[in-house]
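Those protein sequences? They're chains A and B, same order as listed.
Residues 4 to 371 in the numbering used here are what the first sequence spells out, letter by letter.
Residues 4 to 371 in the numbering used here are what the second sequence spells out, letter by letter.
We put the CB at the ideal spot given by N, CA and C, even for glycine.
Reviewing the structure listed below.
Protein chains: 2
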Amino acid sequence: MSATIKDVAERAGVSIATVSNVVNGSRFVSGDLAEKVHHAIKELGYQPNPLGRALRKGRSYTIALILPDHSNPFFVQVARGVDEQARRREYGLITCNTDEDPDLETFYVSSLLKRKVDGFVVAPTHRGAETLKPLIEHGAPLVVVDRCIAGMKVDEVFSDNEGGAYEATAYLVGLGHRSIGLIAGIPGISSIEDRVAGYRRALIEHDLPVDESLMAQGCSQIKEGASSAEVLLGKRGITAIFSTNNMMTLGALQCFKKLGVRCPDDVSLIGFDDSEWASAFTPSLTVVAQQAYEMGYSAGDLLFEAIGRGKETHSTRAIKLQTVLIPRESTARPPALRGKKEVHRATSSGGKNKPSASAKSGTRRSPR
Amino acid sequence: MSATIKDVAERAGVSIATVSNVVNGSRFVSGDLAEKVHHAIKELGYQPNPLGRALRKGRSYTIALILPDHSNPFFVQVARGVDEQARRREYGLITCNTDEDPDLETFYVSSLLKRKVDGFVVAPTHRGAETLKPLIEHGAPLVVVDRCIAGMKVDEVFSDNEGGAYEATAYLVGLGHRSIGLIAGIPGISSIEDRVAGYRRALIEHDLPVDESLMAQGCSQIKEGASSAEVLLGKRGITAIFSTNNMMTLGALQCFKKLGVRCPDDVSLIGFDDSEWASAFTPSLTVVAQQAYEMGYSAGDLLFEAIGRGKETHSTRAIKLQTVLIPRESTARPPALRGKKEVHRATSSGGKNKPSASAKSGTRRSPR
DNA sequence: AACGTTTAACTAAACGTTTCGCTGGCGCCG
DNA sequence: CGGCGCCAGCGAAACGTTTAGTTAAACGTT
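Rendered as structure tokens:
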């Protein structure tokens, strides 16, 4: 098969140890011998066998990425960010899709732990705190993305969900909407809950009633989005819907279509997460965009930092990324006010963001 | 850290070899000792270290999946199929995204080869034949999906692209369209070229002229789809467009939107590949659906079969999957014929499919 | 009773690295 | 000139497995 370090050593007339030292620069080797070794390496096309190295060093030079939904373009972008980081460092990346199933998450965690993966980036399911416990106990480097888990000290990267949701809701209010429905994703996930909180705060700060019956909840999938939308459209007076999740927004659209509801003529719709298709829809979608690629990229940064640090404990870090509202066609003034002048231009810039303990805003951009 | 086979051996009062034999069932061990060993394993929570095993056995129990575009829902489904197969067999899966970049493909191939991955499933870029050569020379198990590479004997799984495209085109003809534009993806990729061929054959068999100027080509991305569509809409008389790729269909829609072209009122649009959002669009999209999940699943079957077979050479196999036309709202009779009776109901079932050397049709279904 | 055969377990050599500790040669200083 | 320290390079022991080869006991056959 392919050449081993032993072959190189023989060819160059030196010991195995010397070859290793040349390859890794772990000890000084005289220019003379180093030259010979390099030559032999080139001649034989030697590539160090990562398996041997892994066994000896006790690390696999592989990291794992566990995401809840590969169909969601948001997570695809996150994955790209992590991927870039892994590739830069010549690390392997194992990407897993839990489909929001905590049991599958548990399975992956244990399976990857067995494989001696060097670190984890995870967007946990709603039982994240339980499923990730083995990881934390084992002391494996871990960065949580998109969703924070309660009561656990780990590195995390997430969006300013509360602020983004506030901005979205305030925007609708500014257009003149007074009865705004909410489609919420899986309960028990911090990102969703923060978005609901932002929605609430916006209503309250604009002196609008918070009507629980206007808040529909379901798991973050297309079907559930559709049924949630259907429920909301049953409420009379409703003129706008804020959907807290990519997939559910899609479901809402399907529902609109089925029921013959025109958007934005009858009802305005605003979504969370941008994606390439959001602008191709008719109407094109107004959304709160997250910095998805950046989220993965930052998570990679944090993870490799932790890996480099080894076993030493350290203070955990949290990175909060700003969201940005992208107005498109799916939002308009409510039917009753159509044609009249706008009441007031609200939405300065997402309202007062809640201060966060250890927040650092990311600034890097997606490369494309 | 975690317990090793040695610890288990000591605990059970047997030799290392015996433990190994119990774990792998490689040799007979008396019920007495086997019992003790199992007990010790449970007590210590022993998990065989895959690194050690990999080194010794010369395999990593990991396979690689190289795809050209993670943003494309089609490939996401393919990935799910492969993933399922890997998980069933407790294999690790490394998924790579080349973004249609042959250089990146080359990088991944060499990097994964170094890592001693046990097998590859690849949807090659347009230079696939070159980029995959190292793989083939190395004798690594390989299954090509979606796109066949010329002049190389490898296992492959692909759709009946020619037949599907024929069916799509014939469907448009049946609606009364006489001037049908084509948006083709990257040249040099078999799936795209077969689709173009199917389009051509449909025109010819229906006695319509094949007008090269109605065929726009670009790489399979949203932007290129938009510009291709723009070019085609410039041709006069055009009443329908057949887009050979998921992403480009999206681009065409964006273009329609920009130019104020109504679909299907002004122009009908039919796409290749179905996806969850295709039915949420306004208008919902008529498409030729592929069995994407099945494609990945079958590829996994073939791959593991090859891995199990080891080094022995074998005759290669090709699996061809049927496509299915899903009529939705984006296709209608051309403006001139609107309201009149339909000419004739075409599209029996995709026309005469070209016979393929060693074809076997897949029948398994996606589990969801 | 001696011999061959089967059986069940063990010993030890790999697999390809990294790395600790050692050697032998050299120059420096006293 | 002898002792010391430094340096470049080497030998060998890990890392955790699998597995071929070996041993020793038990059994059946003449």
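Asked, Found
"Inspect the beta-carbon positions of residue 303 of chain A and residue 125 of chain A and report whether they are closer than 8 Å.", "no"
"Say whether chain A places a C-beta atom closer than 8 Å to the C-beta of residue 118 of chain B.", "yes"
"For a contact meaning CB atoms closer than 8 Å, what does residue 315 of chain B contact in chain A?", "None at all; the shortest Cβ gap to chain A is about 17 Å."
"Give every residue of the same chain whose Cβ lies closer than 8 Å to the Cβ of residue 153 of chain B, excluding the five residues on either side of it in the sequence, and list them in chain order.", "132, 193"
"Between residue 99 of chain B and residue 101 of chain A, what straight-line distance do the alpha-carbon atoms span, to the nearest angstrom?", "18 Å"
"Compute the distance between the beta-carbons of residue 290 of chain A and residue 276 of chain A, then report whether it is under 8 Å.", "yes"
"When the cut-off is 8 Å and only beta carbons count, does residue 420 of chain A lie next to chain B?", "What the structure shows of chain A is the stretch from 4 to 371, and residue 420 of chain A is not part of that stretch, so it cannot be assessed."
"Distance check for residue 218 of chain B and residue 145 of chain B, CA to CA, integer angstroms please.", "34 Å"
"Using a Cβ-Cβ cutoff of 7 Å, what residues of the region 242 to 268 of chain A are near chain B? List them in chain order.", "253, 256, 257, 260"
"Residues in its own chain within less than 8 Å of residue 341 of chain A by CB, not counting five upstream and five downstream?", "335"
"Just curious, the alpha helix (DSSP H) that residue 134 of chain B is in, first and last residue?", "131 to 134"
"In terms of alpha-carbon separation, which member of A:123, A:259, A:128, A:265 lies closest to residue 71 of chain A?", "A:128"
"Would you decide whether residue 190 of chain A is buried or exposed? Buried here means 16 or more other CB atoms lie within 10 Å of its CB.", "exposed"
"Could you give the uninterrupted runs of the beta strand (DSSP E) lying entirely in the region 253 to 289 of chain B, keeping only those of 3 residues or more?", "271 to 275"
"Quick test of your reading: residue 384 of chain B and residue 244 of chain B, contact by CB under 8 Å. State the CB separation rounded to the nearest angstrom.", "Because residue 384 of chain B is not part of the residues shown, which for chain B are 4 to 371, the question remains open."
"Report the neighbours of residue 285 of chain A on chain B: residues whose CB is nearer than 9 Å to its CB, in chain order.", "256, 259, 260, 266, 284, 285, 286"
"At a CB distance below 9 Å, what residues from the region 70 to 88 of chain A approach chain B? Give them in sequence order.", "73, 74, 76, 79, 80, 82, 83, 86"
"The beta strand (DSSP E) with residue 50 of chain B in it runs from where to where?", "It is not in any beta strand (DSSP E) - residue 50 of chain B carries neither H nor E in the DSSP assignment."
"Using beta carbons (cut-off 8 Å, strictly below), is residue 63 of chain A in contact with chain B?", "yes"
"Between A:205, A:279, A:41, A:236, which has its C-alpha nearest residue 266 of chain A's C-alpha?", "A:236"
"Spell out a yes or no on whether the region 38 to 45 of chain B and the region 35 to 47 of chain A are touching, meaning 3 or more CB-CB pairs, one atom from each, closer than 8 Å.", "no"
"Note down the Cα distance separating residue 6 of chain B from residue 49 of chain B, rounded to an integer number of angstroms.", "5 Å"
"Can you have a look at residue 83 of chain A and say buried or exposed, based on whether 16 or more other CB atoms are within 10 angstroms of its CB?", "buried"
"Applying the criterion that 16 or more other CB atoms from any shown protein chain within 10 Å of the CB defines a buried residue, is residue 20 of chain B buried or exposed?", "exposed"
"According to DSSP, is residue 63 of chain B helix, strand or coil?", "coil"
"Applying a beta-carbon distance threshold of less than 8 Å, which residues of chain A neighbour residue 225 of chain B?", "279, 283"
"Beta-carbon within less than 8 Å of residue 324 of chain B's beta-carbon, same chain only, minus the 5 sequence neighbours each way: which residues are those?", "160, 161, 162, 163, 293, 294, 297, 298, 301, 364, 365"
"In this structure, what does DSSP give as the bridge partners for residue 100 of chain B?", "B:70"
"Any C-beta of chain A sitting closer than 8 Å to the C-beta of residue 100 of chain B?", "yes"
"In this structure, how does DSSP classify residue 189 of chain A when only helix, strand and coil are distinguished?", "coil"
"Spell out whether any CB of chain B is found under 8 Å from the CB atom of residue 96 of chain A.", "yes"
"Between the region 105 to 121 of chain A and the region 56 to 70 of chain A, do three or more beta carbon pairs fall short of 8 Å?", "yes"
"Please go through the same chain and pick out, in chain order, the residues whose beta-carbon is closer than 6 Å to the beta-carbon of residue 330 of chain A, but skip the five residues on each side of it.", "289"
"Counting only beta-carbon separations shorter than 8 Å, does residue 58 of chain B have a partner in chain A?", "yes"
"Quick one: measure Cβ to Cβ for residue 250 of chain B and residue 224 of chain B, integer angstroms, because I've assumed they're closer than 8 Å.", "5 Å"
"At least one CB of chain A closer than 8 Å to the CB of residue 52 of chain B: is that the case?", "yes"
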